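First comes the structure, then the notes that go with it.
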Amino acid sequence: MEPLRPLSNFSGRPGPVVLCILDGVAYGKNPEADAFQYANTPNFDWIEQNCPGLKLRAHGPAVGMPSEGDMGNSEVGHNALGCGRVFDQGAKLVENSINSGDMFEGQVWQEQIQNVIDNDKTLHFIGLLSDGNVHSHVRHLHAMINKAAESGVKKLRVHGLLDGRDVGERSAMDYIGPLEELLASHNANGCDFKIASGGGRMYMTMDRYEAEPYMVERGWNTHVLGKGRQFASADEAIKTYYEELECIDQDLQEFVIVENGEPVGKMVDNDSVILFNFRGDRGMEISLAFDQEEGFELFERTEKPKVLYAGMMEYDGDLHIPNRYLVDPPQIDRTIGEYVANAEIKQLAISETQKYGHVTYFFNGNRSAKFNDSLEDYIEIPSDPVPFWQRPWMKAAQITDHTVAGIQSGEYGFIRLNVPNGDMVGHTGNFQATAISCEAADLGLKRIMDAIKKANGILVVTADHGNADEMYELDKQGNIKCDENGIKKNKTSHSLNPVPCFIYDPNFKGEYEITKTEGLGISSVTATCINLMGYQTPEGYDEPVIKFK
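First residue of the sequence shown? That's 6 in the working numbering, and the numbers climb one at a time after it.
What follows is the structure in structure tokens.
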């Protein structure tokens, strides 16, 4: 790759460029549903009123998703922020592969199918039953079930994780019902297709960054070993937990479907298993549990059947997790991290566990390794292992501590941090807690601004997608939806709203202005940061939000 070339009319500031990603913060359509707007955020308000900036798109094609109706998410958002361009992402790649038939003609799919046919065994699917299109799409599962039946598979089991996070908080039956109908249609033709197990995505299986590996152990015991509370059907399990636990889908406990007292979907030698989630962060640990024979330390696998395992995609291109996968991931290169490392500029990445991989792995184009060990420092602050609404401030103060120390050290030319509050607390659907979380983030913002001013640096404030800005479900006119009792319907998923991008440059003397180009996405933040460090926009990068005079 070509090295960064200096700008002729701007050499940057003596201090660092700091990219602050306020995760899950956007501009909502209804103030009564917008926890960020409701919150007391005087420091962000000051930046918004006094600093150059604009709104950026963070959903749909602007971040590589298939359509305007597809939410952005932290994975694709940080890919775009890190590489400065838009790549087709997992949702679109899988959709295209299924529609074209390429997936089903591929070697891995063929091996999965032939394995169960040759050995008269079971094909298992594990994944998120959702049309949120963030980690999975139930349409992909339906297509694979139909193809498996067409290919001669006679026994199939679905281990369904329930969402309530990227979709309605109690929408599980919207996916279970049609799935049961599909399975029944194949059973009418002599197949043995069933739902075998499940539970909430935040209770089991879908941990990330090894924050709560016991979640994966629960998933292993439930999906693989058939251990857990027993029910006659998924419908019975969900309705029972709704009544007993008064929880939403993402927090439902595990269930195992049994017939005649025996689990219908316990995995055995020579079965085939497919994880149909396409997003990587919450797919890696369960993939390791299947793939890794020696040195696996997340939990004790009391039994490990010899199954043929595949993921929907390669979730980590450096570590090659999983060993086998159905669809090739996007090939992201020339990230800002690589450019800065090649320019021998020291850089720092900071967040707490829940978003640590986003400012490292995803930001670097789905790359786990550093580009230059001596020029890159990564700081991970352990997240609190409690529901986020109980600690809505999360680790904003500690993230700020490390950021301020990094600025004051004078070591770094580029610092990036993710403040997870607006997203992680927003996903709980708790308006009050989310507002508090945004206020905690804003307190840290003031300290970072003060440090930037003293160091004569530049702060870029943006977000990866919306969430805290839309805490209640809205109709097409932007009005809050209510249930039959007049209670507002909580929303736990991301929004389609634009996100902020503002530049706090205490020594700004009119050297640049905000572009007049409309419709820019968050990928434009990358070239902006490179320009503010005093370098030209790399070839092929999306247009920055600033133009030099």
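Where a beta carbon is used, it is the ideal one built from N, C-alpha and C, also for glycine.
Since this is a predicted model, take the numbers as computed values, not measurements.
- Lys458 and Ser388 have their C-alpha atoms some 29 Å from each other.
- Nearest C-alpha to Val158 among Asp171, Leu134, Cys196: Cys196.
- For Glu110, the closest C-alpha among the options Ala446, Val332, Phe376 is that of Val332.
- For Gly427, the uninterrupted alpha helix (DSSP H) segment begins and ends at 426–429.
- Just measuring C-alpha positions, the residue of Gly204, Glu222, Val221 sitting nearest Asp240 is Gly204.
- Assigned with DSSP and collapsed to three states, Thr439 falls in helix.
- Excluding its 5 nearest sequence neighbours in each direction, His191 has C-beta neighbours in its own chain below 6 Å: Ala154, Phe198, listed in chain order.
- DSSP places Gln336 outside both helix and strand once states are collapsed to three, so it counts as coil.
- In this structure, the straight-line span from the alpha carbon of Gly370 to that of Asp447 is close to 28 Å.
- When the alpha-carbon of Ile131 is set against those of Thr227, Leu501, Ala31, the nearest one is in Thr227.
- Straight-line measurement puts the Cα of His164 at about 5 Å from the Cα of Ala201.
- Counting along the chain, no alpha helix (DSSP H) covers Pro11, and no H or E run does either.
- If you draw a straight line from the Cα of Leu167 to the Cα of Ser135, it comes to about 7 Å.
- A straight line joining the alpha-carbon of Pro268 with that of His129 spans about 14 Å.
- The alpha-carbon of Asn461 is positioned some 21 Å away from that of Ala348.
- If you ignore the 5 residues before and after Asn423, its C-beta comes within less than 6 Å of the C-beta of Ile26, Asp28, Ser356, Lys360, His363, Val364, all in its own chain and listed in chain order.
- Between Ser176 and Asp125, the C-beta spacing is not below 8 Å.
- Distance between Tyr314 and Ile326, taken at the CA atoms: about 11 Å.
- At a Cβ-Cβ threshold of 8 Å, Ser292 and Tyr320 count as neighbours.
- Rounded to the nearest whole angstrom, the CA to CA distance from Asn265 to Glu222 is 26 Å.
- One Cα belongs to Gly524, the other to Leu86, and the distance between them is close to 16 Å.
- With respect to the 8 Å criterion, Pro505 and Val30 are classified as neighbours on the basis of their beta carbons.
- For Ser156, the closest alpha carbon among the candidates Val121, Gly427, Val143, Pro19 is that of Val121.
- The continuous stretches of alpha helix (DSSP H) do not include Met317, which lies in the beta strand (DSSP E) extending over residues 313–318.
- Distance check between Leu24 and each of Pro66, His83, Glu37 places His83 closest, using alpha-carbon atoms only.
- Judged by their CB atoms, Gly431 and Met476 are nearer to each other than the 8 Å cut-off.
- In the DSSP assignment, Glu116 falls within the unbroken alpha helix (DSSP H) covering 112–124.
- Fewer than three Cβ pairs drawn from the stretch 365–385 and the stretch 487–496 lie within less than 8 Å of each other, which leaves the two stretches out of contact.
- Contact check for Pro310 and Asp274: beta-carbon distance about 5 Å, within the 8 Å limit, so the pair qualifies.
- Less than 8 Å divides the Cβ of Phe281 from the Cβ of His145.
- The stretch 69–94 contains, as complete alpha helix (DSSP H) runs of 4+ residues, the segments 79–88 (chain order).
- Take Met289, set aside five residues on each side of it, and the residues of its chain with a beta-carbon closer than 7 Å to its own are Tyr320, Asp321, Ile326, in chain order.
- Secondary structure note for Lys244: it is in no beta strand (DSSP E), and the uninterrupted alpha helix (DSSP H) holding it is 239–250.
- A Cβ-Cβ distance of about 6 Å is found for the pair Tyr32 and Asp474, placing them in contact under the 8 Å criterion.
- Residue state for Gly204 is assigned as strand, using DSSP reduced to three classes.
- Out of Ala410, Ile535, Glu298, the CA that lies nearest to the CA of Arg18 is found in Ile535.
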